[in-house]
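With full-length UniProt numbering applied, the sequence shown has no gaps in its numbers, which climb one by one up to 250 at the end. One structure is given below, encoded as structure tokens.
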Amino acid sequence: MNEQEFLASYDPRAYPSVAVTTDVVALTIRDDALHLLLIRRGEAPFAGHWALPGGFVRPDEDLTAGARRELAEETGIGGETLGRVHLEQLGSYGAPDRDPRMRVVSIAHLAFAPDLPDPAAGSDADEAIWLPVAALSSRQLAFDHGRIIDDALERARSKLEYTPLATRFLAAEFTISELRAVYETVWGHPLHAGNFHRKVLSVPGFVESTGGSTERGGARGGPRARLYRAGDARLLHPALLRPAREETIR
1 MNEQEFLASY DPRAYPSVAV TTDVVALTIR DDALHLLLIR RGEAPFAGHW ALPGGFVRPD
61 EDLTAGARRE LAEETGIGGE TLGRVHLEQL GSYGAPDRDP RMRVVSIAHL AFAPDLPDPA
121 AGSDADEAIW LPVAALSSRQ LAFDHGRIID DALERARSKL EYTPLATRFL AAEFTISELR
181 AVYETVWGHP LHAGNFHRKV LSVPGFVEST GGSTERGGAR GGPRARLYRA GDARLLHPAL
241 LRPAREETIR
């Protein structure tokens, strides 16, 4: 039997049905706090519970396209705003009982972007909100989304150590103080301004000067701050370690 004959006689119904979904952990910084995008489910299962934006992957789309589509459909984020979102695969989640409907494997994605607008709930969601990560414990989550969120937050915090991903939370031009604020917000720890400034500028390709400066000095006066843009580095060497990890290494 050649391959064409084999495929013609192949019956996928001979095997147990397994569905594939995508869930998106979208993070942004609003009002100096790390926020997470959540929707309140309008349909069973887990109607009324809070969940990550997501849904079933269509047969004709790849996983990343499915994640972008679900993020747009369930929140109203689209166009240029969706194009500014950094999206990467986080992991796969396939516990047999994670979805009461059937065996469902979810391919979770992690998304970062600055200045994301207020979301608009899609057709199968009652509400969509940006929730401060610090307030997560006040929400009842659907499926295994609590575990996915925990994994995503750890991924985000660790990636800030060894990649320039923090710049994706900022505008095209930024100050070192604004970059430090991203690290402090995502890590949840204050950082020494002088040490941070020195470390950032010592990492080749992390940031590069624009030659410009802010129009005004700081809130307490003083000189105008220099403006920087993201450099061409993909990995930070040396890495910028979280304070707790830095103490462990010492």
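For glycine and all other residues, C-beta sits at the position ideal for the given N, C-alpha and C.
- Here tryptophan 50 is bridged, per DSSP, to Arg40 and Leu141.
- The beta-bridge partner set that DSSP reports for serine 92 consists of Ile107.
- Rounded to whole angstroms, the Cβ separation of alanine 142 and alanine 26 is 16 Å, and the two are not in contact under 8 Å.
- Excluding residues up to 5 positions away in sequence, Leu90, Gly91 and Ala108 lie with their Cβ nearer than 8 Å to the Cβ of aspartate 151 in the same chain.
- In the three-state reduction of the DSSP assignment, isoleucine 129 falls in the strand class, which pools E and B.
- Pairwise C-beta distances place the segment 153-168 out of contact with the segment 92-103, as fewer than three of them are shorter than 8 Å.
- Around the Cβ of valine 18, a 10 Å sphere holds fewer than 16 other Cβ atoms; the residue is exposed.
- Using a Cβ distance threshold of 8 Å, valine 105 and valine 20 count as a contacting pair.
- Threonine 21: member of the beta strand (DSSP E) spanning 19-30, first to last residue.
- Between the segment 31-40 and the segment 128-141 there are three or more C-beta pairs closer than 8 Å, enough to call the two in contact.
- Rounded to the nearest whole angstrom, the CA to CA distance from arginine 198 to leucine 87 is 30 Å.
- Cβ neighbours of arginine 147 within its own chain (closer than 8 Å, five residues either side excluded): Tyr93.
- Listed in chain order, the non-local C-beta contacts of glutamate 208 below 7 Å within the same chain comprise Tyr228, Arg229 and Gly231, local neighbours out to five positions each way being set aside.
- For the pair glutamate 80 and alanine 8, the Cα-to-Cα distance works out to about 43 Å.
- Secondary structure at leucine 7: helix, using DSSP grouped into helix, strand and coil.
- Our two residues, histidine 189 and proline 243, have alpha carbons roughly 8 Å apart in a direct line.
- Ranked by Cα distance from threonine 28, the options Leu165, Leu63, Ala47 and Val57 are led by Leu165.
- Valine 200 is positioned such that its CB atom lies closer than 8 Å to that of leucine 179.
- Leucine 34 is bridged by DSSP to Ile29.
- Aspartate 97 and glycine 205 have their C-alpha atoms roughly 46 Å apart.
- It is roughly 12 Å from the alpha-carbon of leucine 241 to the alpha-carbon of asparagine 195.
- In this structure, the alpha-carbon of aspartate 62 lies about 11 Å from that of phenylalanine 56.
- Threonine 210 is positioned such that its CB atom lies closer than 8 Å to that of glutamate 173.
- Here proline 223 is exposed, its C-beta having fewer than 16 other C-beta atoms within 10 Å.
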